[in-house]
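This report refers to the structure that appears directly beneath it.
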Amino acid sequence: MTEKYYIEIDYIDCCGCKLCEQVCAVTRGGGVVSPGTARIRVEVRPTLGVDIPLVCQHCEDPPCYVCPHGAMFIDNKGVVIIDAEKCIGCKQCVDMCPFGAIQIHPVTRKAIKCDLCGGKPKCVEVCRKAHPPGVLRYVKVSNAGKYSRDRWADRLEKQIVAAMNSPEAARLEKHAKAADDLKMAAEKGDVA
Amino acid sequence: MTDNGWYGWAGTILRVDLTKGTVEKQPLTKEMAYDYIGGRGFNSKILYDEVKPGTNPLGPDNLLIFGTGPVTGTCIPNNGRFTVSTLSLVTGGLGDGNSGGHFGPQMKYAGYDTIVVKGISPKPVYLYINDDTAELRDASHLWGKDVWETTDILMHDHDNKSMSVSAIGPAGENVVAASSIMNEYARAAAKAGVGAIMGSKKLKAISVYGEKGIRVYDPEDVYDSTIEYIDLIARTDKWWFETFSKYGTPMFVDQYNHLGALPTRNWKEGTFEDADKLGITPLYEKYVKKKRGCGGCIYHCSPWFRIDEGPFKGWVGEGVEYEAMTGFGSKLGCSNLEVCLVAGSLCDMYGLDYISASEAMGWAWECYNEGILTKEDTDGLDLSWGNDSIIHEVLRKLAYKEGNLGKLLALGSRKAAKKIGGKAEYYSMTIKGQQMGSMDPRVVTAWGFGYGVSTRGGDHLRTHLVCEYMFTPEEMEKYIGDARASDRFNLSEAKADLVRWTENVRFLNDSLETCKYINRGSPRSYVEFPYRWLTAVTGKKFTYEGLQDVADRVLTVERSFNVRQGMDRKDDYLAERWYKEAMPVGSGKGSKVDKEMYDKLLDRYYEVRGWDQNGLPKRSHLEKLGLKYIADELQKMKLLGKEA
């Protein structure tokens with residue numbers, strides 16, 4: 000089976016600059032540059048310091064897959080795509096997506112959504128260049144969570160090393176006597 | 000959007016008359032767009048044409064202009080900026096403030112390049128913009144609220160957290176000279192008392208949300224040039240790209256202190272013994288939780304902080320930067336970083352400019368410590384250097400004009416000093432009444448010259464002279480015409496040429512409306528990309544030379560505005576202290592500004608600008624730039640420069 004990809008989002012480090020949104024609107028907006036023509040949007044919450052990019056997750060079982068006119072399909076790489084020619088602009092897919100990742104184009108009034116730019120998503124490219132390593136990453140579904148796992152492990156790693164050197168780790172010393180205990184047990188027949 | 004024939008520009012200027020309560024849409028003209036580009040260019044031109052001599056800054060005839068540029072809202076790097084211009088309450092001449100965030104892009108997406116506000120509303124109002132809908136609405140429920148509350152209420156009332164709100168706080172309402180206009184909680188358009196001008200007009204806020212959108216002429220090259228540009232900066236300025244993204248402007252505390260240019264105890268000294276307590280080490284170890292960026296930012300220099308324990312537990316804020324650490328830190332002899340952080344957030348809520356607020360405070364502190372101000376003047380507060388327990392109280396007094404001290408500081412230090420008289424005036428460290436960024440000109444001398452000639456009064460951003468130490472002598476020879484300009488330790492007349500050139504390329508930042516931090520070491524970032532971007536975005540072919548002409552034109556329009564307001568050569572000098580007092584301590588010890596050389600620089604600068612030796616624009620120069628009407632007007636007023 001062909002490997003499936005999606006855009007993984009680092010919700011903790013996104014700075015809310017909206018370059019991804021702007022790049023999408025410029026290159027894929029159908030001639031109109033506006034948040035309304037961008038297929039990725041960033042919600043910003045300045046007082047909380049929180050910035051939340053929202054884009055199609057290319058769900059395995061897409062709730063938006065309700066098109067009455069056969070305009071929506073999943074290609075052989077698992078990408079959920081809307082055929083603009085067939086779309087009748089009924090907006091039901093928009094209503095069904097829990098993330099608001101589908102929009103109605105202000106001029107054509109047809110539904111638009113992320114199609115991963117045919118495998119080279121420009122939002123990912125610009126984010127990686129501007130904010131290396133990038134808070135948007137184009138990853139294999141089989142690697143979902145790997146980045147966050149690595150990052151978290153890297154953080155924990157330091158803390159674990161520190162804990163190992165702390166006085167509490169003196170409990171390890173108890174094991175000095177453990178060897179003797181084991182020998183005694185063996186003498187009693189407690190041995191595998 | 001409807002196809003109105005424009006690419007890049009939205010094509011519409013919004014005209015708001017608060018006295019009449021009307022909002023009208025005016026089409027942008029091609030001449031305006033091509034001759035003035037946008038942003039500060041439009042603003043300064045409109046200001047010259049429509050604000051006549053004798054106008055009261057706080058009266059109905061003064062304008063408050065919000066201007067975006069043709070690249071605002073595209074994906075060109077750091078496009079999230081806009082300029083607010085007005086007749087300055089502080090200098091009496093041209094005034095403007097530039098801000099970031101998403102307000103500029105939102106204005107564009109809603110369909111407006113520029114918003115021109117005139118008149119005075121009989122009652123508090125806010126301007127509500129949502130695409131084609133643009134109307135004045137009652138703001139009596141918002142009057143008296145701080146910036147953050149105002150923003151929250153508007154977002155809640157309109158059920159739209161994506162809208163951008165630009166608002167004043169109590170400082171603007173109370174017509175405080177140090178007031179700013181804040182957008183998205185923590186982004187400031189500051190200087191010139193812009194907040195006070197907005198307050199005097201009874202305009203509490205502008206809320207804008209847009210989806211109508213704009214068009215770009217060549218989407219492919221807009222995208223390609225963006226990627227190429229990021230690559231260029233990441234390659235030619237690797238250290239900067241990485242370090243600035245990581246730390247933002249607070250890193251300058253450590254750097255300028257090391258160079259001996261960190262203003263300390265007002266501007267008496269340039270080295271602060273406790274700078275390490277205000278620098279990036281404590282800031283990033285304990286307080287900064289993440290970095291945020293303005294629209295289209297390729298860095299994200301804005302540190303978002305939260306204080307988790309102690310007396311300030313729970314305080315959050317954003318964009319707390321160099322000017323907060325030096326302004327409320329070293330300038331007041333305060334070494335408590337938490338006090339600086341909270342002071343920054345208080346400024347954002349009250350709608351105060353860090354630089355202008357701390358300018359007035361630094362002045363008051365020095366006057367108090369020199370025995371010029373007494374406890375009677377300070378309402379019993381002890382303004383001793385390092386007394387950090389009263390800083391927040393003084394900020395509140397300033398914003399609300401409370402007591403003797405609040406009323407005095409609200410004037411700004413130059414006017415306050417005039418009121419007190421004597422040595423107090425010597426301690427007001429301003430140029431044309433306006434304070435500049437906090438880098439001591441005795442150490443960064445060419446920057447200092449830029450402060451002096453800046454058309455909006457003391458200001459480091461008209462030049463933002465990083466190319467001085469980034470360009471090689473060969474590059475200086477090529478672009479400035481004099482290799483000596485790259486020698487940062489020796490002041491020569493070449494610096495006048497350098498300042499003129501840098502003012503021109505920095506004007507492009509202010510007219511395309513991009514952040515100044517994007518241009519650094521590579522000459523290509525100044526000379527190639529601006530015209531390439533403009534051409535790709537607008538479809539109109541621009542060249543390097545053509546843009547130099549536009550910059551010369553706008554700088555001369557701004558100068559003419561100031562000349563018409565009564566300014567000339569005498570207003571282009573730095574504060575007296577910098578010529579008289581050598582830096583007493585630190586690595587800049589012994590340095591001061593050589594007045595004789597400064598005069599030579601002024602002579603040379605006026606010459607290359609096409610102004611006479613008194614700083615008045617000449618007819619020949621004005622006509623060359625297509626400004627005959629200004630020449631005629633200045634001649635009538637006997638303010639035209641003498642031809643050599």
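Quick mapping for you: the protein sequence lines, in order, are chains A and B. With numbering that gives the first Met the number 0 applied, the first sequence has no gaps in its numbers, which climb one by one up to 191 at the end. With numbering that gives the first Met the number 0 applied, the second sequence has no gaps in its numbers, which climb one by one up to 643 at the end. All C-beta atoms in this analysis are idealised placements derived from N, C-alpha and C, irrespective of residue type, glycine included.
Quiz prompt | Residues that DSSP places opposite residue 72/A in a beta bridge | solution = Start at 1 with the first residue of the first sequence, and residue 72/A comes out as number 73. Partner(s): 80/A.
Practice problem: With DSSP collapsed to three states, give me the class of residue 373/B. | Solution: The residue labelled residue 373/B in the question sits at position 374 within the second sequence. If DSSP states are grouped into helix, strand and coil, residue 373/B belongs with coil.
Self-check item: chain A contact for residue 390/B (CB, 9 Å cutoff)
Solution: For the purposes of this step, residue 390/B is identified with residue 391 of the second sequence, where counting begins at 1. It does not; no Cβ of chain A falls within 9 Å.
Quiz prompt | Beta-carbon gap between residue 546/B and residue 503/B smaller than 9 Å | solution = The sequence position of residue 546/B within the second sequence is 547, counting from 1. The sequence position of residue 503/B within the second sequence is 504, counting from 1. Yes; because the gap between Cβ atoms is below 9 Å, this pair is in contact.
Quiz item: Near residue 7/A, which residues of its chain fall below 7 Å by C-beta distance, leaving aside the five closest residues on each side in sequence?
Solution: Position 8 of the first sequence holds residue 7/A. Correct list, in chain order: 136, 138, 143, 146.
Practice problem: Give the single residue among 227/B, 336/B, 160/B whose Cα lies nearest to the Cα of residue 278/B. | Solution: Counting from one through the second sequence, the residue named residue 278/B turns up at place 279. It is 336/B whose Cα lies nearest to the Cα of residue 278/B.
Exercise. Find the residues of chain B that neighbour residue 104/A, judging by a C-beta separation of less than 7 Å, and give them in chain order.
Key: Position 105 of the first sequence, counted from the first residue, corresponds to residue 104/A. Residues of chain B passing the Cβ test: none, with the nearest at roughly 10 Å.
Practice problem: Show which residues of chain B have a CB atom less than 8 Å away from the CB atom of residue 121/A. | Solution: Start at 1 with the first residue of the first sequence, and residue 121/A comes out as number 122. Within chain B, the residues near residue 121/A are 222.
Quiz item: So, do the region 74-90 of chain B and the region 430-444 of chain B have three or more beta carbon pairs nearer to each other than 8 Å?
Solution: yes
Quiz item: In angstroms, rounded to a whole number, what distance separates the CA positions of residue 474/B and residue 587/B?
Solution: In the second sequence, counting from the first residue as 1, residue 474/B sits at position 475. In the second sequence, counting from the first residue as 1, residue 587/B sits at position 588. Near 28 Å, if we compare the C-alpha coordinates of residue 587/B and residue 474/B.
Practice problem: Helix, strand or coil for residue 159/B, going by three-state DSSP, please let me know. | Solution: Position 160 of the second sequence, counting from 1, holds the residue named residue 159/B. Coil at residue 159/B, not helix or strand.
Quiz item: In chain order, what residues of the same chain lie with their CB nearer than 6 Å to the CB of residue 138/B, ignoring the 5 residues before and after it?
Solution: As a position in the second sequence, residue 138/B is number 139, starting the count at 1. Contacts found: 123, 124, 125, 203.
Quiz item: Given residue 311/B, which residues of its chain have a CB within under 7 Å of its CB, disregarding the five upstream and five downstream residues?
Solution: Your numbering for residue 311/B matches position 312 in the second sequence. Contacts found: 337, 341.
Quiz item: Just to confirm, are residue 317/B and residue 303/B a CB contact at a threshold of 9 Å?
Solution: Along the second sequence, one-based indexing puts residue 317/B at 318. Along the second sequence, one-based indexing puts residue 303/B at 304. Yes, Cβ-Cβ distance for residue 317/B and residue 303/B is below 9 Å.
Practice problem: May I have the straight-line CA-CA distance separating residue 602/B from residue 66/B, to the nearest angstrom? | Solution: In the second sequence, counting from the first residue as 1, residue 602/B sits at position 603. In the second sequence, counting from the first residue as 1, residue 66/B sits at position 67. If I take the Cα positions, the gap works out to 33 Å.
Exercise. Could you tell me whether the Cβ of residue 32/A comes closer than 9 Å to any Cβ of chain B?
Key: Indexing the first sequence from 1 puts residue 32/A at position 33. Residue 32/A counts as touching chain B.
Exercise. Say whether chain B places a C-beta atom closer than 9 Å to the C-beta of residue 129/A.
Key: Along the first sequence, one-based indexing puts residue 129/A at 130. So yes, residue 129/A belongs to the interface.
Exercise. Check whether the Cβ of residue 298/B lies closer than 9 Å to any Cβ atom in chain A.
Key: As a first step, residue 298/B is located in the second sequence; it is residue number 299 there, counting from the start. At a cut-off of 9 Å between beta carbons, residue 298/B contacts chain A.
Practice problem: Give a yes or no on whether 9 Å exceeds the smallest Cβ distance from residue 138/A to chain B. | Solution: Stepping through the first sequence from its first residue, residue 138/A is reached at position 139. Chain B contact via Cβ: absent.
Self-check item: For residue 494/B, the three-state DSSP class (helix, strand or coil)
Solution: Translated into the one-based positions of the second sequence, residue 494/B becomes position 495. Reduced to three states, the DSSP call for residue 494/B is helix.
Quiz item: Over what stretch of residues does the alpha helix (DSSP H) that includes residue 117/B continue unbroken?
Solution: Taking the first residue of the second sequence as 1, we reach residue 117/B at position 118. Where residue 117/B is concerned, there is no enclosing alpha helix (DSSP H), although the beta strand (DSSP E) around it starts and stops at 113-117.
Quiz item: Just checking my contact of residue 184/B with residue 352/B at CB under 8 Å: how many whole Å lie between their CB atoms?
Solution: For the purposes of this step, residue 184/B is taken as residue 185 along the second sequence, with counting starting at 1. For the purposes of this step, residue 352/B is taken as residue 353 along the second sequence, with counting starting at 1. The Cβ separation is near 15 Å, so there is no contact.
Practice problem: List the residues of chain B whose Cβ lies closer than 7 Å to the Cβ of residue 93/A, in chain order. | Solution: Here residue 93/A refers to the residue found at position 94 when the first sequence is read from its first residue. Listed along chain B, no residue sits closer than 7 Å to residue 93/A by beta-carbon distance, the nearest being about 14 Å off.
Practice problem: Just mark residue 622/B as buried or exposed, buried being the case when its beta carbon has 16 or more other beta carbons within 10 Å. | Solution: Within the second sequence, numbered from 1, the residue matching residue 622/B stands at position 623. Counting Cβ neighbours within 10 Å, residue 622/B comes out exposed, since fewer than 16 surround it.
Quiz item: Taking Cβ-Cβ distances shorter than 9 Å, what residues in chain A pair up with residue 317/B?
Solution: Here residue 317/B is taken as the residue at index 318 of the second sequence, counted from 1. By Cβ distance, chain A contributes 45, 46, 48.
Quiz item: So what's residue 522/B in DSSP terms, helix, strand or just coil?
Solution: Looking up residue 522/B in the second sequence gives position 523. Helix.
Quiz item: Mind checking if residue 124/A is an interface residue toward chain B, Cβ cutoff 9 Å exclusive?
Solution: Reading the first sequence from its first residue, position 125 is the one you call residue 124/A. So yes, residue 124/A belongs to the interface.
Quiz prompt | Chain-ordered neighbours of residue 158/A on chain B, where CB pairs are closer than 7 Å | solution = The residue labelled residue 158/A in the question sits at position 159 within the first sequence. Going along chain B, no residue has its Cβ under 7 Å from residue 158/A, so there is no contact; the nearest lies around 15 Å.
Practice problem: Determine the direct distance from the alpha carbon of residue 118/A to that of residue 213/A, and round the result to whole angstroms. | Solution: Any property of residue 213/A remains undetermined from this structure, which presents chain A solely from 0 to 191.
Quiz item: Would you call the CB atoms of residue 297/B and residue 519/B closer than 9 Å?
Solution: For the purposes of this step, residue 297/B is taken as residue 298 along the second sequence, with counting starting at 1. For the purposes of this step, residue 519/B is taken as residue 520 along the second sequence, with counting starting at 1. Not a contact, by the Cβ cut-off of 9 Å.
Quiz item: What do you get for residue 560/B, buried or exposed, if any count of 16 or more other CB atoms within 10 angstroms of its CB means buried?
Solution: Within the second sequence, the letter at position 561 stands for residue 560/B. Buried, by the Cβ-count rule.
Exercise. Let me know the alpha helix (DSSP H) ranges lying completely inside the region 116-197 of chain B, each 4 residues or longer, listed in chain order.
Key: Listed in chain order, the alpha helix (DSSP H) elements of length 4 or more contained wholly in the region 116-197 of chain B are 146-156, 169-172.
Exercise. Could you tell me the boundaries of the beta strand (DSSP E) in which residue 21/B lies?
Key: Residue numbering aside, residue 21/B sits at position 22 when the second sequence is read from its first letter. Residue 21/B -> beta strand (DSSP E) spans 21-26.
Exercise. Enumerate, from N- to C-terminal direction, the unbroken alpha helix (DSSP H) stretches of 4 or more residues contained entirely within the region 543-586 of chain B.
Key: 543-563, 576-579
Quiz item: Residues of chain B with a CB under 8 Å from the CB of residue 42/A: which are they?
Solution: In the first sequence, residue 42/A corresponds to position 43, counting from 1. Within chain B, the residues near residue 42/A are 160, 161.
Quiz item: What did DSSP end up calling residue 225/B once you bin it into helix, strand or coil?
Solution: As a first step, residue 225/B is located in the second sequence; it is residue number 226 there, counting from the start. It is helical.
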